[in-house]
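What follows is one structure encoded as C-alpha cells, with my remarks underneath.
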Amino acid sequence: MSSSRSGPSDLASGTATDSTESREWAEEARAALSADPLGLKEQDVRKAQQPARAEVALEASLHQAVLRMAREDRDLPLVAGLSALAVTLARSTGRTRTVVGSAPGGGPGGAAVVPVVLDAPDDSSVAELLSATRASLDRSLAQHTATAEDSLSVPVVFTHETPSGSHRPATGAAVCITLQDRPDQQSAALVATAPTGRYTAPQLGRFLAGLRTVLAALLDARQAPVGALSPLDEAQTGELLALGRGPALPSHDLRSVHALVADAAAEDGEQPAVVCGEDTVTRGQLQAWSARITSRLTASGVGRGDRVGILAERSTAAVAALLGALGAGAAYVPVEPLNPDERVTAVLRDADVSAVVVTGSLGERLSGLGLPLVQADDPALRAGAGDQATTAGAEAVHPSLPGGPEEAALPGDPEKAALSGGPEDAAYLIYTSGSTGAPKGVLVEHGHLAASTLARRQVYPGRPVFLLLSPLAFDSSAAGLWGALTAGGRLVVADQNEFRAPDQVVRLVERHEVTHILCVPSFYDTVLAAAERDGLHRLRTLSTVIVAGEALPEALVHRHAAALGDTALVNEYGPTEATVWASHRRCDPSRPVDIGGPIPGARLYVLDDAGRLVPRGATGELYIGGTGVSRGYFGRAEETRRAFVHDPFADDGSRMYRTGDLVRWSEEGTVEFLGRRDNQVKIRGHRVELEAVEAALRACPGVRDAVVVPDADRSRLIGFVRAEGDLDLALTRKRVAGTLPEVAVPAQLHSVDAFPTTANGKTDRAALTEQVSAQLAEQASAQERQALEAPQADTPGADGLVHRVAAAWAEVLKVSDVPTTVNFFDLGGHSLLVIRLQTALEDHTGVRPSSLDLYRCTTVKAQAELIGTGATEPATTTDSSADRAERVRKAREVRAHRARARRETL
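When you line the sequence shown up against the working numbering, it's residues 225 to 1130, in that order.
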C-alpha cells in the first residue's frame, strides 16, 4: 500500500547532514534507550520454553480509518502506528520519550530498520504528535544513512506489513510489533513477538490491546491532548479497580478499640490480658487500672479532643496508660524512651500535649516542660489490680469508682461512650521516624483504627496470643496490641531486655505459647537462626509470623518454609498514614514474593504521574483509599494537602493517600513492591530503583540480604550483602550483570556481617552512605599519592606505561588498587566512564585512544600495549615529546588538586 507522499526510498536517499548533527542524533537515540522497553516485568529466561507471540485484530472500521487518515495527510499508515505506540509506551513505562526501530519498507526487502526517537508529551495535541512522529522518522532515515557504521541495537521494532511484504520476526533482544494488513485489504491485525524468556503471550496481548485502544482514540480526535489518551478501555479499567478493592467492612462493627476491650473485660474479667516478664494483668484488672489513669488525666484537665503523651517503658503499665488516655477522650501520643531528650521534647511540643503519662523515672526527663504528669505504675493507681472482685469487669464501668462520677465515662458504658471519643475523634498521633530530623505526626481517628483492627480480626480470626516486639512509638504496635485485646486474646509484651534479643524472643514464644508475632524480616531471620540453634520445637505454637516494614527476601521465605512449614508467613504492607496496613500476602516459596492484595476496607490504585491508572504490569505509584486513610499530618495543612488527595475513583468524596512507593500489578493480580520514589536515584541520567537492584542481589545464591546505595556523585552504585558462608563477590556481581542493565549493576560489592540499623530496627541507609563516603575519601587520598608518585611521561619501558594506564583507571574508577589483567567493565566501568578514561589516559600518557580501541582493549595491560606500540594516534600529532611531557605534568598537578578537593568535600 502506498501514499501520495514521498515513499520510503525517497526518504532514505536524502542528503546526509554533517557529522556533528549525526552524532547528536545518535546520542539522542542512545539516551532514549531503556532496559525495560515495554515497562513490563520480564520473565525468567530459564523457565521459558519458546518465544512469545500475541495477535489482536483491528476491526475493518478502524483499519479503514487508519488508511483514510494516511491518504488525507499524505502520509504513511506507519506514522499513525508509531504515534499510537509512542503513547502506549509512555503510559506503560512512565517515560514520554523512547526509541524504537522501524522500517518504512516493511521488512527485509525494504528499507533497513532504523532507530526512531518518539515523543508523546501530555500537553501536545494528537495532530502535533503525528507531525512530530513523521519529522522524527524523516530525521532518523537521513541520519542513520549518514552514520550507518554506528549501529544501535533497539529493543522494540515496529513495522507496517502489506500483503506483498513479509513479516520481520523478532531477532536478538528485539520485541517486534507489526501492523499487518490482511490480504482482503479490509481488515488488519497487530502482531507482537518477543524472544524466549522476555515477555509472556498474555503480557504481549494486553499491550497490543492497549495499543489498539490508543490508535482508535488517536484517530477519533485530532485536536485532543495526548494526555487524554489511554490504553485502557472500560473493561480493563473495571478490572484494575476490582483488583484493588478489598472486601467491604460491616459498618455496624466499627466500634472503637477501647470499647471492645471493655466488652472483653465484661465478658470474662478473669482472663489474662497482658503479660510482661513476671507481671500478668487480667482483663478486669487492666480495665480498672486504666480507669484510674483516666480519672487522674480528667482531674488534670484532659478532655475530649486533647492529646496525651505516653513516655513509658515496655510494661503492662504502658498498655494501661494507652487505655487510660483513650478513656479520657484524648488521643495518645507515644514517645520512644530510647530517643534522646531533644527528640522526646520536640515530639511532645509539636503534639501540643495536655499531659504525659510516664512510668519509672522517665518523668524526670520532662521537668522543663511544665506539663501534668501521671505515673501509670504508681501503686495507688494499680492498687485495684490486685483486688479480688473484678468480676465481669464491673469496676471498669461502675459509677462508684474512685474519683467520682467522671470515671463512669468509660467505653463499656453505652450511654457515656461518646464522652471518650467518637469515630471522627483522634485516637492516636504517631510520629514518623523523621529522617530529616523534624518530627511529623500522623493523626489517626477512632474510625480509622477501628476499621484497621476489624480488618485484622477478619484476616486473622480467633483469639491470638500475640508477642509485642514493636515499640509503642511505631504504628506496627497497634496491630498486635489492639488486634489481640479487641479479639479477647492475650498480649505478651517483650521487655527492654527481650525485644531485641533473638534467643529471648524464642524463649518468650515457648514460655507463653505465643501464636502470632510481627517484626521486620531482618529480625525474624535472626530469630529463626536462634531457633535453629536452640531447637525449632520451641516455636511450635506459632501459627502465624507477620513480617512488615522492609522488603522480604525470597531466601527468608524458603528458610521459613523449611524450618516452620506449618506456620503461615504473611508479608504485610502499609504506611502509617493508612493506619498500619493496606495489603497482605500469605507467602508460598513456589511463588514470587510480593505484598499481595488489599485488606478488607482498603482500595489500592497504581497511578502514573498524572494520576491515571497504569496498565497491568506497568510501574506506577501506589495510592491507598478506603477506611484506613488517616486524617493527615498534625499541624501541617500544606503537607497534608500534598499527600492526601481526592479519590476520583470513589463516589463518596473520600481521599486517598499517595505513598511514594513504586509498584505494579502482577500477572497473578497481586501487587509487586518495587521501591520508594525517594529510593529511586538517577545514575548517569538513568533512573534506577535501588530495591530492584537489591532484589536482584538477594536472588543470587549465597546472598541472604542486600542493600545498595549510590556513591557521592551518583555516578555508580555500591552494594553491601550479608552472605551465607564464603561468597564470591566477583561471581555475584557477574550474575547480577546478566539480569540488570549496565547502569544498575553495582560497581563494587562488599560483604558485611550485619547492616547498621535505625532506632526502629530498619536498615540505616544513611550510615551506609557515610561508610561509602569514608571509603571514597580514603581512595581519593590514595589517588593523590598515586598521582604525585606516577612516573613521568618520558619514563621508558613497559612497566612505566602500565603504571600510568593503571593510574588513569584508578582516577576514573575511584579505586586505589587496579589489577592489570581484569576487564574494565568488571571493575565497575561503563560507557560514560569510557569517555572519561579517554581523557584520563591522555592526561597520564599523552595519547587519547579512540572509544572503539578502549572497547576492544579492556585491560590495563592491553591498553598499555596499544599505546606503547603506537597502534593508536596521539591526541595531538603536532605535539613534540616535550610538549606532551609538559601537558602530562600539568595534568598531574590538576589531578592532585582535584583529589585533595574531593577528599575535603567528602
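Note that beta-carbon positions come from the ideal geometry of N, C-alpha and C, so glycine has one too.
Small disclaimer: the values here were computed from a predicted structure and weren't measured.
query: For glutamate 248, report the span of its alpha helix (DSSP H) as first-last.; result: 243-255
query: Leaving out five residues before and five after arginine 928 in sequence, what residues of the same chain have Cβ atoms less than 6 angstroms from its Cβ?; result: Ala779, Arg946, Glu948
query: Give me the residue from Arg298, Ser694, Thr851 with the minimum Cα distance to histidine 740.; result: Ser694
query: Please return the same chain residues whose Cβ sits closer than 6 angstroms to the Cβ of tyrosine 748, not counting the five positions on each side in sequence.; result: Val771
query: Which two residues bound the contiguous beta strand (DSSP E) that contains isoleucine 942?; result: 941-947
query: Quick one: grab the DSSP three-state call for leucine 478.; result: coil
query: Going by the DSSP bridge assignment, what does alanine 579 pair with across the sheet?; result: Val532
query: Contact between the stretch 699-706 and the stretch 751-765: three or more CB pairs below 8 angstroms?; result: no
query: Is it buried or exposed for threonine 244, if we count other Cβ within 10 angstroms and need 16 for buried?; result: exposed
query: What separation, rounded to the nearest whole angstrom, lies between the Cα atoms of arginine 922 and valine 931?; result: 9 angstroms
query: In angstroms, rounded to a whole number, what distance separates the CA positions of leucine 846 and aspartate 408?; result: 46 angstroms
query: Between Glu266, Gly305, His870, Asp875, which lies nearest to leucine 282 when the distance is taken from Cα to Cα?; result: Gly305
query: As a quick exercise: from Arg479, Leu951, Ala542, Pro261, pick the residue whose alpha carbon is nearest that of leucine 510.; result: Ala542
query: State the Cα-Cα distance for the pair proline 419 and glutamate 266, rounded to the nearest angstrom.; result: 11 angstroms
query: Mapping the DSSP letters down to three states, classify valine 738 as helix, strand or coil.; result: coil
query: In the structure shown, what three-state DSSP assignment does alanine 276 receive?; result: strand
query: From which residue to which residue does the alpha helix (DSSP H) around glutamine 1087 run?; result: 1084-1092
query: How long is the line joining the alpha carbons of threonine 522 and serine 475, rounded to whole angstroms?; result: 30 angstroms
query: Less than 8 angstroms between C-beta atoms, sequence neighbours within five positions excluded: which residues of the same chain meet that for serine 700?; result: Ser694, Leu742, Ala772, Gly773, Val804
query: Check this for me: beta carbons of glutamine 288 and valine 350, under 8 angstroms apart or not?; result: no
query: Going by beta carbon distance, what residues of the same chain come within less than 8 angstroms of leucine 262, once the five residues before and after it are set aside?; result: Leu313, Ser316, Thr317, Val380, Val399, Tyr423, Gln427, Phe431
query: I need the DSSP call for glutamine 511, collapsed to helix, strand or coil.; result: helix
query: Please confirm whether valine 1084 and valine 1026 have their CB atoms less than 8 angstroms apart.; result: yes
query: Under 7 angstroms Cβ to Cβ from alanine 544, same chain only, skipping five residues before and after it: list those, please.; result: Leu510, Trp513, Ser514, Ile517, Ala600
query: In chain order, what residues of the same chain lie with their CB nearer than 6 angstroms to the CB of valine 751, ignoring the 5 residues before and after it?; result: Pro726, Val729
query: Around the Cβ of glutamate 1035, are there at least 16 other Cβ atoms within 10 angstroms (buried) or fewer (exposed)?; result: buried
query: Hey, would you say alanine 256 sits closer than 8 angstroms to valine 341, going by beta carbons?; result: yes
query: Going by DSSP, what residue range makes up the beta strand (DSSP E) through tryptophan 706?; result: Run containing tryptophan 706: none in the beta strand (DSSP E); it sits in the alpha helix (DSSP H), 700-710.
query: Who does leucine 667 pair with in a DSSP beta bridge?; result: Leu653, Gly856
query: Whole angstroms are fine: how far does the CA of proline 934 sit from the CA of threonine 993?; result: 7 angstroms
query: Taking C-beta to C-beta, are serine 307 and leucine 353 nearer than 8 angstroms?; result: yes
query: With a threshold of 16 other CB atoms inside 10 Å of the CB of alanine 344, please say whether the residue is buried or exposed.; result: buried
query: Got a sec? Which residues, its chain only, sit under 7 angstroms from threonine 800 by beta carbon, not counting five neighbours each side?; result: Ile654, Thr656, Val666, Asp699
query: Which residue marks the beginning of the alpha helix (DSSP H) containing serine 746, and which one marks its end?; result: 745-758
query: What does a CB cutoff of less than 8 angstroms around glycine 899 pick up in its chain, not counting 5 residues either side in sequence?; result: Asp885, Leu886, Glu913, Leu914, Glu915, Ala916
query: Taking Cβ to Cβ, would you say arginine 479 is nearer than 8 angstroms to aspartate 492?; result: no
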